[in-house]
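Chemist:
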Amino acid sequence: DTGVSQNPRHKITKRGQNVTFRCDPISEHNRLYWYRQTLGQGPEFLTYFQNEAQLEKSRLLSDRFSAERPKGSFSTLEIQRTEQGDSAMYLCASSPLGADTQYFGPGTRLTVL
Amino acid sequence: AQRVTQPEKLLSVFKGAPVELKCNYSYSGSPELFWYVQYSRQRLQLLLRHISRESIKGFTADLNKGETSFHLKKPFAQEEDSAMYYCALTRLTGGFKTIFGAGTRLFVKA
Numbered sequence: 001d002t003g004v005s006q007n008p009r010h011k012i013t014k015r016g017q018n019v020t021f022r023c024d025p026i027s028e029h030n031r032l033y034w035y036r037q038t039l040g041q042g043p044e045f046l047t048y049f050q051n052e053a054q055l056e057k058s059r060l061l062s063d064r065f066s067a068e069r070p071k072g073s074f075s076t077l078e079i080q081r082t083e084q085g086d087s088a089m090y091l092c093a094s095s096p097l098g099a100d101t102q103y104f105g106p107g108t109r110l111t112v113l
Numbered sequence: 001a002q003r004v005t006q007p008e009k010l011l012s013v014f015k016g017a018p019v020e021l022k023c024n025y026s027y028s029g030s031p032e033l034f035w036y037v038q039y040s041r042q043r044l045q046l047l048l049r050h051i052s053r054e055s056i057k058g059f060t061a062d063l064n065k066g067e068t069s070f071h072l073k074k075p076f077a078q079e080e081d082s083a084m085y086y087c088a089l090t091r092l093t094g095g096f097k098t099i100f101g102a103g104t105r106l107f108v109k110a
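Protein chains in written order, with my numbering: chain A, 1 to 113; chain B, 1 to 110.
(1) Anything in the segment 55–79 of chain A with a Cβ closer than 7 Å to a Cβ of chain B? List those residues in chain order, please.
(2) Can you find a C-beta in chain A that's less than 8 Å from the C-beta of residue 96(B)?
(3) Ordered along the chain, which non-local residues of its own chain (more than five positions away) have a Cβ less than 7 Å from that of residue 48(B)?
(4) Residues of chain A with CB under 7 Å from residue 100(B), in chain order?
(5) For the beta strand (DSSP E) containing residue 14(B), list its first residue and its last residue.
(6) Indicate the three-state DSSP secondary structure (helix, strand or coil) for residue 67(B) in the structure shown.
(7) Mind checking if residue 86(B) is an interface residue toward chain A, Cβ cutoff 8 Å exclusive?
(8) May I ask which residues mark the beginning and end of the beta strand (DSSP E) holding residue 94(A)?
(9) Answer yes or no: do residue 109(A) and residue 22(A) have a C-beta to C-beta separation smaller than 8 Å?
(10) Just to confirm, are residue 77(B) and residue 108(B) a CB contact at a threshold of 8 Å?
(11) Output, in sequence order along the chain, the residues in the segment 98–109 of chain A whose CB is closer than 9 Å to any CB in chain B.
(12) Can you tell which of 97(A), 26(A), 84(A), 15(A) has its C-alpha closest to the C-alpha of residue 75(A)?
(13) Would you say residue 44(B) lies against chain A (beta-carbon separation less than 8 Å)?
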């Protein structure tokens, strides 16, 4: 197992376009988290899953953001009608159980022009 | 509301000097506290967590519930300790949302 992977690593898009990111967690990790990180800030919680169930979403996650984990394995994060303010690093992490150590992916850097 | 505060954005020390990275939190319930580290061009990774009471790479952190602090300490800094350090809090009730501080960049000078 090579750890958490994320694709693509970089994405440049024009304002108004939709983008989708993928996260593959470590096998058998039940929990999967999405974070957003902007320059000079720590990772900001967006949402998390236990298996296929999305248990919590941040109030910061507008209606343009949606995440899925259909079979309890990989997850996708979609942003519709992107805005320049969406430019950030999007991080995915997984953990075996609740308050356990989270293992992070390398992130997807989104640039909205 | 949960909050994690790291008051220093940058901490610069000489090699061999003691280092302390401050972390204060606010949370009314029972938290699990972590320090994560990000070395240059590497992904974010766990350094240590309070429940383990371990010393990793010479670093220790003690949870002080009275002062709501979880400061990271090392008696003798090494150049390879230069990195970005994040304090994080995971709540143990009502879901496992994790809140990160803004981070402290540690620079260890030769």
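Ideal Cβ positions, reconstructed from N, Cα and C, are used throughout, including at glycine. All values derive from a computational prediction rather than experimental measurement.
Modeler: Let me spell this out:
(1) 55, 56
(2) As a first step, residue 96(B) must be located in the second sequence, where it is residue number 96. Yes, its Cβ sits closer than 8 Å to a Cβ of chain A.
(3) Position 48 of the second sequence, counted from the first residue, corresponds to residue 48(B). Its chain contains 35, 54, 56, 59, 61 as the residues whose beta carbon lies nearer than 7 Å to that of residue 48(B), once the 5 sequence neighbours on both sides are disregarded; these appear in chain order.
(4) Position 100 of the second sequence holds residue 100(B). Within 7 Å Cβ-Cβ: 42, 43.
(5) What you label residue 14(B) is simply residue 14 of the second sequence in a count that begins at 1. Here the beta strand (DSSP E) through residue 14(B) covers 10–14.
(6) As a position in the second sequence, residue 67(B) is number 67, starting the count at 1. Residue state, collapsed to three classes: coil.
(7) Position 86 of the second sequence, counting from 1, holds the residue named residue 86(B). With 8 Å as the cut-off, residue 86(B) counts as an interface residue toward chain A.
(8) In the first sequence, the residue the question calls residue 94(A) occupies position 94. 88–95 is the span of the beta strand (DSSP E), which, as asked, contains residue 94(A).
(9) Within the first sequence, numbered from 1, the residue matching residue 109(A) stands at position 109. Within the first sequence, numbered from 1, the residue matching residue 22(A) stands at position 22. It is not a contact, given that the beta carbons lie outside the stated cut-off.
(10) Start at 1 with the first residue of the second sequence, and residue 77(B) comes out as number 77. Start at 1 with the first residue of the second sequence, and residue 108(B) comes out as number 108. Contact: yes.
(11) 98, 99, 100, 101, 102, 103, 104, 105, 106, 107
(12) By one-based count along the first sequence, residue 75(A) stands at place 75. The shortest C-alpha separation from residue 75(A) is found at 26(A).
(13) One-based indexing of the second sequence puts residue 44(B) at position 44. Yes, residue 44(B) lies at the interface with chain A (some Cβ there is under 8 Å from its Cβ).
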